[in-house]
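Student: This structure is in structure tokens; I'll ask about it shortly.
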Amino acid sequence: MSTMLDVKTGSGAVGASVGHDSKVNYLNHVNTAASWFLTLDHKRIALLYLVVTSFMFVLGGAYAGVIRAELITPKGDFVSSDFYNKSFTAHGVIMVFFVLIPAIPSVIGNFCLPLMLGAKDVAFPRINLISWYVYMAGASFTLFALISGGVDSGWTFYTPLSTTYLNSNVMATATGLFILGFASILTGLNFIVTIHRMRSPGLTWFRLPLFVWAIYATSVIQLLGTPVIAITLALVGVERALGVGIFDPRLGGDPILYQHLFWFYSHPAVYIMILPALGVTNELISTFSRKPVFGYTMIAGSSIAIAVFSFIVWAHHMFTSGLSPYAAMFFSLLTFSVAIPSGIKVFSWLATLFQGSISFDSPMLFAYSFIGLFTIGGMTGLFLSTLGTDIHMHDTYFVVAHFHYVMVGGTIVGYLGALHFWWPKMFGRMYAEFPAKISAILVFVGFNLTFFPQFLLGYMGMPRRYHEYPAEFQVLNLFSTAGALVLGVGYIMPIFYLTWAAFFGKKASSNPWGATTLDWTHTESPPSPHNFESTPVVTADPYDYRVIQKEGALVAH
Amino acid sequence: MWDFPLVPEQASTVAPEVDHLTLFILAINIGITALVFALLFLFSIMYARRSESEVPPQYHGSMLLEIGWSIIPSLICLVIFIWGVKVYAEIIVPPADSTDVYIVGRQWMWKAQYPTGQREINALHVAVGKPVKLTITSEDVLHSFSIPAFRVKSDAVPGRYTTMWFQPTKPGTYHLFCTEYCGTEHSRMIGKIVVMEEADHQKWLSEKAELGDALQGRKLFSKLQCVTCHAGESQARAPSLEEIYMKRIPLALDKGSAVAPGTTVLADENYLRESIRYPSARIAAGFQYPSIMPAYDESLVSEDEMFQLIAYVKSLKKGQTPTRIEQTTIPSALGAPAVRK
Amino acid sequence: MSLHPPAPAWTYWANFLTLCVLTVVTWFTACQDLGVMSTPIALGIAVIKAGLVVLFFMHVWESTPLTKLVIFASLFILTVLLTFLFTDYMTRNYDVLPPVPAVSSRV
Amino acid sequence: MSLTEKHAPTKGHDDASHGHDHDLAHHFDNVEQQHDAGNLGMWMFLTTEVLFFGGLFAAYTIYRYKFEKVFEQASNILDPLLGGVNTIVLIFSSVTMAFAVRSAQQGKSKAIVAWLAATIVFGSMFLGIKYFEWKHDATLHVFPTSDFNWTWAREKHAEHEHHESHEPEMRGLVFNSPKVPQSYIDKDSKNPEAKQARLFFFLYFMMTSLHAAHMVIGFGIMAVIMIYAWNGFYSANYYVPVESVGLYWHFVDLVWIFLYPLLYLLGAHLSAGH
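Chains as they are written, first to last, in our numbering: chain A, 518 to 1074; chain B, 420 to 760; chain C, 25 to 131; chain D, 41 to 314.
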């Protein structure tokens, strides 16, 4: 009974449950270079991803710093326009393809999915490792492109600019992204098969933690969307190499077709980024309010609905680009369909908190931050799906602010929440709570200070991707840059205290938060190399906090 | 430093419409966001954990609530959508009496030309209260012609025309931006929209006047020997172009094509342009495929000249097709050229 | 023990012969001038052939509902891609809504 | 892409001592689970392949809609008879592949090797015919590079149709494309249909070469599987790799079944009378 109380504090005093000092775990059972770089263990592969995505995040953040520094003054006096264009391209490419898309599925998903399913590993451990190497190969090409001169097409590679008019490294970048696509596909494939085939006895679909549903929906999009961007980038490459005009109007091609194919992937890609974060939030809200997620079935269904709807709304990125007005109306109407499942999730979380027992540990602060920012990001999407207002706001800073609220305020904050939540499980050690709370607050405040002014800038008409801008926009841009500084501090802090905690933190118990899913109740912190001593048998719904109390299952292995 | 604007100038007839819709959506935004934040705050205070062994009631959902928060947002969205389409229709459909202005974008400048021949770069002078319809294209990459004060925007797509229109309501100078990323100097592809009182605008027009577009087009029409076939007679080898603009043209059915019987095409700027660049693409009923007309690509008819030809075809009234040997007088409807000072 | 009992060999040969016949049929019909119907006929035959390959060579005839769902999902998304693209391309040349009366009469 | 996830008994994680039977990787509970996972994984992979080719099919559909007549004329340049023969050759390789999988289900290792070898032979025959088609295409100057010439292609194609003289150029393996006279290049530069035809041939070469690349990759995987099969690696309990390469090969067949009418038969009626 009272173990939960002790365990919760995560202090070293929880001797009752923590006897793993001497135990073999996945981190210490063998420690050669080969055992890391050729590992087939999903947990170690997750850590490999953690290291490279963190590196990429810092790199992409540095480019964001260049952008914000340049925009302090209206004149282009900090960097040249060429370097500015290369900076926002690099920022976009790195953040979208190398951080946001893989972050939660490849790090958190890889680590938690088999644990949550009661499986020894993912279905195809070797393919899991291969996908990390494919990611590395893609990253190498792209970094090579950046180092050897950069690319200035924007992350969208719109034709005919990217195919005919630029002489920067479009080819190397496109090749990198083409390769990277396969990493994404292989991860998604692996997860779907794992969820279908590797569940523990008794773990029926509606007993799955909601994070698993979210990862499932994400994987479906990865599987069905990514090949289209791969072939589209291949066409861009071939067009550049051979001068075939598939997207070049001078040679009979249609540049709008490129946009169609590009957004057919890149709109669903937004949901590849946000769905896992939505899944993480379910876990956090439930755990820290000790209540089952309100409306489980609706939330699970809404994840799948978002995955399906994401494929039918892509042309809302093209309302001003010469799309037929009839198609514009069609896609505008469909776009609203995505709003409904997103709304369901937010309302359900509120209902989960209602009458809960809420504790404000740092992961919960990130979850709160996520709900707030995701709500603002989602609601401002209404302006952009509405035809009458999108015409004015399209390609302005309003759009920039909107998608940063969703992709950074949503995905990155959700990712930080997930890292703080599962860090004790990953490394068996607790981080210091105080700096974590400070970081959560700094990220929230800094984020809003950075991006809220951009809504106003956008409505004023400031176009995106501008190196110089009219003087009247300067004040708001100053706010934005100041906010970026705060945000930067909020992001850098966790790198230090989490890394420190991974090696020197206090020992964590197997279930410091009192969570109810298999990853917490049936594994050690850190888990043993094969996760479970014996295959767990599931007999109850995922979020039942009474069971935990009654059976004292927190410490039962 | 603190007097900076937060809302752009409302300087066109659609601007207030867009702003009303924006305010409506904003109200819904603020309402729901405030609700979410308030509940988060309230629940955090009311239900903060009181003891470590506390177990709250475990319930799993409420069908009524869940249906409620699916249906109500759907209805709100539907209202926003319908209103949005209504405003969109205003934004994209120009009034019948709009003045035409042709816009060509290129890296990194905007060229504007009036049917009466005036040309300017990175600027557009228009009269207050007069609707203006822009026909836009690009010579190289994608651009986007954006006037925030008018709440309108349209991409410039190479190889085809897009249109937009506005009716200024307030004299002044407003920003013109390129909002589609177009390469190194993208942020310098800016200009100004000068809205003048009508009398001032007339004065400006007469000062800047050159040979009218339609007249230029007429010269090209003779120079390129279009008149040889488009003779305006029923026995001519090519369709008459008189009063063809905005008519529905029945298309020729030819062997193996999937053109359904009775298919017509609207003879708008895009069709006229296509028929000059790719004559065989869509042939009027009664004429042979492939077209006997040579195709006029960019090397023969530039984008600027294309606009002049189209302006001429648009101005062509019944019986005005010139004979093969130039002898008719210039039709007055073409906007007689003012003499330059 | 065998996971799946193999299908009788003659089913494969019968399938092969049907596919060959259909190939000849599609070649023959394509050489006739069938006007607008030629493409639908050719694609219809291709769909039948594809169906035979999927059902018998790829054993979907006797596979789990999940496999069928997977196939349906990919074809569904492919159909969305192909058809939704046409909402743009097929309506580009329509009249853009009825023209509005002149401004002078509106204001 | 073979979803080979079986570990040899001594490899894999260091707990091979759990008493698993020989055919089972450590993280699976039983052979059915292992087989179903592999099978599902392969189907998942094929869905991505559908969408991979789907992007090209989408581009094809749009341009065919826009440039309908030219696409028919361009398609007419291709030989529907050779394409048809190739279709049947490829279908036959699918049959041999189906028998390879059938042998695997029965646990007959040597038969797997034989049927896979037959599949490679007929697959190679397909590529061989393809090679001679491309070689003919080279003489017609339809490769969608700057060398493309639509005027030349139509003229030479018409000559071929009249003289029925495919023979001389079929000899030898070297691609041989005579130089196009300047007058043809000038004619092309004034004819926008040349650009549209070039788009058709771009799509034709892109799709068929992507298809061919898939076949070559398939050969590689089959070769590896033949070695494993020869050494008795597969059994009636464990044949996921054989089944997966089978699914893959049938998919390659499926793509061709659609490419054939879309590319070769589109304009076949134009020369129906000759």
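Just so it is clear, CB atoms sit at the ideal spot from N, CA and C, and this is done for glycine as well.
With DSSP as the reference, identify every bridge partner of B:Y521, one or two as the case may be.
Tutor: Paired residues: B:Q532, B:T554.
Student: Is the beta carbon of A:R714 closer than 8 Å to that of D:D177?
Tutor: No, these two residues do not count as a Cβ contact at 8 Å.
Student: At which residues does the alpha helix (DSSP H) containing B:V684 begin and terminate?
Tutor: Where B:V684 is concerned, there is no enclosing alpha helix (DSSP H), although the beta strand (DSSP E) it sits in stretches over 683-685.
Student: Could you name the residues of chain A that D:R238 contacts, counting a contact when the two beta carbons are closer than 9 Å?
Tutor: The answer, in chain order, is V761, G762, L768, G769.
Student: Would B:I663 and B:V732 qualify as a contact pair, given that the criterion is a beta-carbon distance under 8 Å?
Tutor: Yes, the pair counts as a contact, with Cβ atoms nearer than the cut-off.
Student: Use the C-beta contact count for A:N627: other C-beta atoms within 10 angstroms, 16 or more gives buried, fewer gives exposed.
Tutor: Buried: at least 16 other Cβ atoms inside 10 Å.
Student: Would you verify that the beta carbon of A:G635 is, or is not, closer than 8 Å to some beta carbon of chain B?
Tutor: Chain B, which has no Cβ nearer than 8 Å to the Cβ of A:G635, makes this no.
Student: Can you name the residues of chain C whose CB is closer than 8 Å to the CB of D:W83?
Tutor: Simply T91, V94, I95.
Student: Indicate whether at least one CB of chain A lies closer than 8 Å to the CB of C:V84.
Tutor: With 8 Å as the cut-off, C:V84 does not count as an interface residue toward chain A.
Student: Taking only the alpha-carbon atoms, compute the straight-line gap between D:G59 and A:V1055 and give it to the nearest angstrom.
Tutor: Because D:G59 carries a pLDDT of 37, less than 50, the predicted location of this residue cannot be relied on, and the following value inherits that uncertainty. If I take the Cα positions, the gap works out to 24 Å.
Student: What does a CB cutoff of less than 7 Å around A:D1036 pick up in its chain, not counting 5 residues either side in sequence?
Tutor: Counting only Cβ-Cβ distances below 7 Å, and skipping sequence neighbours, we find C629, L632, M633, K942.
Student: Buried or exposed for B:E617, going by 16 or more other Cβ atoms inside 10 Å?
Tutor: Burial call: exposed.
Student: Given a threshold of 16 other Cβ atoms within 10 Å of its Cβ, counted over all protein chains shown, does B:Y478 qualify as buried or as exposed?
Tutor: Exposed: under 16 other Cβ atoms inside 10 Å.
Student: Going by alpha carbons, who is nearest to A:Q991 out of A:K603, A:L974, A:F1020?
Tutor: Checking every option, the nearest Cα to that of A:Q991 belongs to A:L974.
Student: Are three or more beta carbon pairs between the segment 564-584 of chain B and the segment 902-912 of chain A nearer than 8 Å?
Tutor: In short, these stretches touch, since the Cβ pair count reaches three.
Student: Hey, how far is the Cα of B:A430 from the Cα of B:T588?
Tutor: Answer to the nearest angstrom: the Cα atoms are 5 Å apart.
Student: So with CB distances below 8 Å, who are the chain D contacts of A:R714?
Tutor: Going along chain D in sequence order, the residues near A:R714 (Cβ under 8 Å) are Q73, D76, A77, L80.
Student: Check the DSSP bridge columns for B:F596 and list the partner residues they point to.
Tutor: Per DSSP, B:S565.
Student: What does a CB cutoff of less than 8 Å around C:W85 pick up in its chain, not counting 5 residues either side in sequence?
Tutor: Same-chain partners within the cutoff: L79.
Student: I'd like to know if the segment 604-618 of chain B and the segment 692-707 of chain B are in contact, where contact means that at least 3 CB-CB pairs between them fall below 8 Å.
Tutor: Not touching, per the Cβ criterion.
Student: Rounded to whole angstroms, what's the CA-CA distance from A:E756 to D:Q73? Just pull it up for me.
Tutor: Distance between the alpha carbons of A:E756 and D:Q73 is about 45 Å.
Student: Span of the alpha helix (DSSP H) holding D:A144?
Tutor: Per DSSP, D:A144 belongs to the alpha helix (DSSP H) from 120-146.
Student: Contact defined as beta carbons within less than 8 Å: I believe D:A157 pairs with D:M266. What is the distance between those atoms, to the nearest angstrom?
Tutor: Confirmed, Cβ separation roughly 7 Å.
Student: Could you give the DSSP three-state label for B:S573: helix, strand or coil?
Tutor: If DSSP states are grouped into helix, strand and coil, B:S573 belongs with the strands.
Student: Is A:I1130 close to chain C? Criterion is C-beta to C-beta, closer than 8 Å.
Tutor: Here chain A comprises residues numbered 518 to 1074, so residue 1130 of chain A is not present and cannot be evaluated.
Student: Determine, using beta carbons only, whether B:E539 comes closer than 8 Å to chain A.
Tutor: No, B:E539 lies away from the interface with chain A (no Cβ there is under 8 Å from its Cβ).
Student: When the Cα atoms are used, what is the spatial distance from A:T869 to A:I888?
Tutor: Rounded to whole angstroms, A:T869 to A:I888 spans 13 Å at the Cα level.
Student: How do the segment 622-637 of chain B and the segment 1009-1017 of chain A stand: do at least 3 beta-carbon pairs fall below 8 Å, yes or no?
Tutor: The segment 622-637 of chain B, when compared against the segment 1009-1017 of chain A, does not touch it at the 8 Å Cβ threshold.
Student: Which residues in chain A have a C-beta closer than 9 Å to the C-beta of C:V78? List them in chain order.
Tutor: Within chain A, no residue comes near C:V78; the closest Cβ sits about 18 Å away, beyond 9 Å.
Student: Excluding five sequence neighbours on each side, which residues of the same chain lie with their C-beta closer than 6 Å to the C-beta of D:R163?
Tutor: Sequence check: residue 163 of chain D is Gly here, not Arg. S133, M255.
Student: Can you pull the chain C residues whose beta carbon is under 9 Å from the beta carbon of A:S849, in chain order?
Tutor: Those within 9 Å of A:S849 in chain C number zero; the least Cβ separation is about 12 Å.
Student: Is it the case that the Cβ atoms of A:A563 and A:V651 are separated by a distance below 8 Å?
Tutor: Contact flag unset, no.
Student: With respect to the beta strand (DSSP E) encompassing D:M246, which residues constitute its N-terminal and C-terminal limits?
Tutor: Element bounds for D:M246: not the beta strand (DSSP E) but the alpha helix (DSSP H), 232-270.
Student: Rounding to the nearest angstrom, what Cα-Cα distance links D:Y100 and C:L106 in this structure?
Tutor: Distance between the alpha carbons of D:Y100 and C:L106: 10 Å.
Student: Out of D:M247, D:L310, D:S275, D:H181, point me to the one whose CA is closest to D:A234's CA.
Tutor: The shortest C-alpha separation from D:A234 is found at D:H181.
Student: Taking Cβ positions, are B:Y521 and B:N689 nearer each other than 8 Å?
Tutor: Result no, Cβ atoms of B:Y521 and B:N689 do not sit closer than 8 Å.
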